[in-house]
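Colleague: In full-length UniProt numbering, the protein residues as written are 1 to 141.
Every residue, glycine too, gets a C-beta built ideally from N, C-alpha and C.
Being a predicted model, the structure only gives us computed values, none of them experimental.
I'd like to ask some things about the structure below.
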């Protein structure tokens, strides 16, 4: 499920991206706080995101470390946003990702309750987010 985020968001599949989240799920990015599937889908449909797709971009989600506790899980990984600029590819963002997941009631699979991303730019909260996730702990706290 987590690995499908990159291909879906880079493919412009707003409904597919939104469906990864619970109906009331949250995507907390440094500069954006998106609550609910509608707002998450709107981010993919936005002119800014569509511009990234037209320019050429790849959201690469690294292998996660996942701690499962019954019907809930915490996953942590890195992600890169690679963009095409002036005939070459450059990393625009390297990000710490903390995911809180819940087993879906209907059918097999999981949904995102919260995904918290923080840029790895030297600020202390970003590596702390990775460490908490590696220990199966919530993003805040």
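Mapping the DSSP letters down to three states, classify residue 39 as helix, strand or coil.
Modeller: helix
Colleague: Given a cut-off of 8 Å, decide if residue 94 and residue 80 are closer than it, judged by their beta-carbon atoms.
Modeller: yes
Colleague: Report all residues from its chain with a CB closer than 6 Å to the CB of residue 78; omit the five preceding and five following residues, and keep chain order.
Modeller: 62
Colleague: Report buried or exposed for residue 37, applying the criterion of at least 16 other Cβ atoms within 10 angstroms of its Cβ.
Modeller: buried
Colleague: Let's test the definition: count the other Cβ atoms within 10 Å of the Cβ of residue 98 and tell me whether it reaches 16, buried, or not, exposed.
Modeller: buried
Colleague: Quick check on DSSP: helix, strand or coil for residue 65?
Modeller: Residue 65: strand per DSSP, three-state reduction.
Colleague: Starting from the N-terminal side, write out each stretch of the beta strand (DSSP E) that is 3 residues or longer and does not extend beyond the UniProt domain "SnoaL-like" (3-116).
Modeller: 21-29, 32-35, 57-61, 65-69, 72-85 and 88-103
Colleague: Report yes if the C-beta distance between residue 28 and residue 115 is below 8 Å; otherwise report no.
Modeller: yes
Colleague: Could you check where the alpha helix (DSSP H) with residue 125 kicks off and where it finishes?
Modeller: 125-134
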